[in-house]
Every structure is written in C-alpha cells, then in structure tokens.
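Asker:
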C-alpha cells in the first residue's frame, strides 16, 4: 500500500500579481492538462446575486478581447483537445487537456478570458446565456422527477443567509434583475490572478510552465480587495428535525435523509467519507443489504449514501432510497432512518471496513490515473488548503480510519434531532 496518495513531483510558484502556479511533470504521454480554479462559487454570491458564479461558467466561453465568440472551444477541439468547466458552492474551475505541443495555446486562451472577458461582454451575450441557464434549470431541476431535491435540501440543512443556503443554479429572479454592469463588476471582483490557481499536469517541465504563465498571465493586474465569503463554519443546532413532504408527479416514493457533518479536508470528514461508503456504496453496503436485498423495500439501483465535499462548512451526508412498488414512503423512511441510526450502535465489521477502504482506494487511483484528474485534485488542495502537496494525505487518512471512529462520529453527527428528511410522493399515493 503506498504511503502517499500522490507519488508524482509537484513544483509551485507565485507570480507577482498573486497567481499561484502548480506543475506536476509526467512524461508518460505527450499530453498536458490545464486547470484553473477560481476561488468563487455560490457561497461568495452577495444577496440578490445568486446564480452569478454559475452563469459566468457559461459566459467565459462566449468570447474575450482576442478570442471571438465560441472560438475558445473551437481552438481547443481543433488541436485535438477537450475542455469543460464546472461550478459548485466553493469554486468555479475551467479545464482543458491538449497535446503537449499546444500547451501555450491553452494558457493564452485562459489568460485572455481571465483578463479580457469584461470588455468583450455584451448585453446580447448576457441575455443569451441567461436563457441558456433558465433552460438548464428546467431540464435538470424542474422537469425531471426528484430533480429539485438538492434545491430543497440546502435550505433545510443551512439557515437563511448561510453561504450554502442556496444552490449554484441560483434564482432566476436575481439573474433577470441584474444589469450588464453588475455582471461585469462580479467578474472584475473575483476573476483576478490573485484569486486563482493555475495547475498544469503532464508532459511539460515546471520551468516551461512558469515561463509561459509569466508571459501570458503576468501582466494581468491583481484585485486589491477581494471580499471574503461569509463565514459558514458554525451552523447552530436547532434541536428539532427538519421535514419536508413533496407531493408531485414522481414514479415512486423517494426519501432523503441528510445530516450536517464536518468540513471536507478535516479528520472528521475523512471518517464521514469511510462511513458513507460503508453505509451506501454498492451492493455490499448496509443500505443495499438491508433495504434492497433483505427487506426488499427499496429499488436496488436507487439506494445509496454519499458525502458532498464542501470545504467551508459542515458538509452534508445524504442517504436516499426509492421505494419498490407497493411500499409506502412511511415504511421506506423508517427503514432508511433505522439503518443510518445503527451506524452508532452496530459496530462496523472488519469486512465492511476493508471493503470500504478498497472502494475508496480504487476511486482515488482511478482519478490519479489521468493528468486531468490529478490537475483538478492539485488545484483543489492549493485553493482550499494552501498547499497542493496536502493531496497526498487524503488516501492515507481514509485508510487509517477505524471502526471505533466511525461509531463515534455517527453518534455525534447523525443524531435524530438535527436530521433533515425530504420525502417525495406521487399525487395518487399522497
């Protein structure tokens, strides 16, 4: 078993404008992954500006000073590369993987939209992408069964004005109300070199990457004052469970049970990660064995548990199950809660623990097997913990978790009084 979760070299530097650059050289294939983490997500959005971080994920592909609309994508794909972007409550990231000889092109493109998006942003582009986001909300959240579960769980888990209270898709009313100048100011505030980490992994030396980063990013001015996100580390316990029942057009009852736990990256969340795997990952998990295989009240492919890796507040652990035909939501919910409660009272066996650690090891090394996977992990640890080398600590921390720690954490954070239960039932069975 490796002592480190990251056995490749890591070199770092910081440009005069504050941009942090991380390089992990790997000459095994002639490809490079370029990954930019911006320290801006939905938790940074001021009141009245929800959804802004996610909308910029779209706007950043719509042209900048020296790159015409849609050209960024065409140039990367035209050289044989791939690209995308994602937004979550903690950050927004943009990434591409290209043949090594096109590293300079990728860095030029990223620098141009960091420093040159605002002058190229037009009302037409803004209106077009607002419509795209509205359609995304309809397709992903509003017009699919159970699609709005995350939108409902967040305000149940986190109180009003907490930075995790709202989802990244945001409020359509906020997006509609804001004018072009407001969006331009948001980009100017957060899309600055001193609020970003550039990571390059693959067939390139640190010296080469550092020189190119200076060439293309070095002249972009830093932002003197970047407003911090509200402090969400402490969520007052209400002492009462939060319950919501949704009557809507769904094919079968579904129940979500959620708890606030520990922040991602903390020792407590390492235990939660193993706990969640024991509870709800695959056919050997407790939820599957009890609800799908044993009592046969849950659909086999629709039962599980997972942690949501949020780094700046107690992150949620979510367990969910969907009922088999003829099973009521009440029976399903009681069975789900019972399995969760037993984590504090029924000791995790050596077999369960070994299985969970094997699954987590496989998942970790699967991500580490690609340059793009490694680039994203290093960008995360540099942004959220100040040092990409801390990524090497995660897998060993999971492998060190004991059954006793799981029972202790379960008793501490999975108690009924702070439980969130979200239930979906069809109009026919309500």
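In our numbering, the protein residues as written are 26 to 455.
Backbone N, C-alpha and C define an ideal beta-carbon position, used for all residues, glycine too.
Just to confirm the assignment: which complete beta strand (DSSP E) runs, minimum length 3, are found wholly within the stretch 307-388?
Answerer: DSSP runs (the beta strand (DSSP E)) wholly in the stretch 307-388: 323-332, 341-348.
Asker: Which residue spans inside the stretch 74-146 form an unbroken beta strand (DSSP E) run of at least 3?
Answerer: Here the runs fully enclosed are 107-112, 117-124.
Asker: What does DSSP give as the partner residues of residue 198 in its beta bridges?
Answerer: Partner(s): none; residue 198 has no beta bridge.
Asker: Provide the residue span of the alpha helix (DSSP H) that contains residue 305, from first to last.
Answerer: Element bounds for residue 305: 292-305.
Asker: Quick one: any contact between the stretch 239-252 and the stretch 144-154, if contact means 3 or more CB pairs under 8 Å?
Answerer: No: the two stretches stay apart, fewer than three of their Cβ pairs being nearer than 8 Å.
Asker: So what does DSSP say about residue 3, is it helix, strand or coil?
Answerer: Nothing can be reported for residue 3: it is not among the residues displayed for the chain, which extend from 26 to 455.
Asker: Residue 161 to residue 94, Cα distance in whole Å?
Answerer: Each residue's alpha carbon lies about 20 Å from the other.
Asker: Enumerate in chain order the residues of its own chain whose CB-to-CB distance from residue 76 is below 8 Å, with the five nearest sequence positions on each side excluded.
Answerer: Here the set comprises 67, 70, 158, 193, 194, 195, 196, 197, 199, 200.
Asker: Which full runs of the alpha helix (DSSP H) of 4+ residues lie inside the stretch 215-248, going along the chain?
Answerer: For the stretch 215-248, whole alpha helix (DSSP H) runs of length 4 or above, ordered along the chain, are 231-242.
Asker: State yes or no: is the C-beta of residue 57 within less than 9 Å of the C-beta of residue 227?
Answerer: For residue 57 and residue 227, yes; Cβs fall inside 9 Å.
Asker: What does the alpha-carbon distance come out to for the pair residue 250 and residue 215?
Answerer: So the two alpha carbons sit approximately 10 Å from each other.
Asker: Do residue 409 and residue 115 have their beta-carbon atoms positioned less than 9 Å apart in this structure?
Answerer: In this structure, residue 409 lies closer than 9 Å to residue 115 by Cβ.
Asker: Under a three-way DSSP split, which group does residue 42 fall into?
Answerer: If DSSP states are grouped into helix, strand and coil, residue 42 belongs with coil.
Asker: Under the DSSP definition of a beta bridge, which residues are partnered with residue 451?
Answerer: DSSP output for residue 451 lists 273 as bridge partner(s).
Asker: Can you give me the C-alpha to C-alpha distance between residue 337 and residue 317, rounded to a whole angstrom?
Answerer: Distance between the alpha carbons of residue 337 and residue 317 is about 34 Å.
Asker: If we call anything under 9 Å between Cβ atoms a contact, is residue 330 one with residue 286?
Answerer: In this structure, residue 286 does not lie closer than 9 Å to residue 330 by Cβ.
Asker: Around the Cβ of residue 144, are there at least 16 other Cβ atoms within 10 angstroms (buried) or fewer (exposed)?
Answerer: With fewer than 16 Cβ atoms within 10 Å of its Cβ, residue 144 is classed as exposed.
Asker: To which residues of the same chain is residue 396 closer than 7 Å at the C-beta, ignoring the five residues directly before and after it?
Answerer: Within the same chain, residue 396 has close Cβ partners 51, 56, 57, 58, 122, 226, 227.
Asker: Measure the C-alpha to C-alpha separation of residue 269 and residue 292 and round it to an integer number of angstroms.
Answerer: C-alpha separation (whole angstroms): 31 Å.
Asker: Exposed or buried, which one is residue 213 when buried takes at least 16 other CB atoms within 10 Å?
Answerer: Exposed, because fewer than 16 other Cβ atoms sit within 10 Å of the Cβ of residue 213.
Asker: Comparing C-alpha positions only, which one of 436, 258, 390 sits nearest to residue 420?
Answerer: For the residues 436, 258, 390, the minimum Cα distance to residue 420 belongs to 390.
Asker: Determine the contact status of residue 357 and residue 283, defining contact as a CB-CB distance below 9 Å.
Answerer: Going by C-beta atoms, residue 357 is not nearer than 9 Å to residue 283.
Asker: Under a three-way DSSP split, which group does residue 279 fall into?
Answerer: In this structure, residue 279 counts as strand in the three-state DSSP scheme.
Asker: Round the Cβ separation of residue 365 and residue 344 to the nearest angstrom and send it over; I've been treating them as touching at under 8 Å.
Answerer: 6 Å between Cβ atoms; contact.
Asker: Please classify residue 457 as buried or exposed, where buried requires at least 16 neighbouring CB atoms within 10 angstroms.
Answerer: Residue 457 cannot be examined here, being either before or after the span of the chain that is shown, 26 to 455.
Asker: Counting C-beta neighbours from all protein chains within 10 Å, is the total for residue 224 16 or more, i.e. buried, or is it exposed?
Answerer: Answer is buried; the Cβ neighbour count reaches 16.
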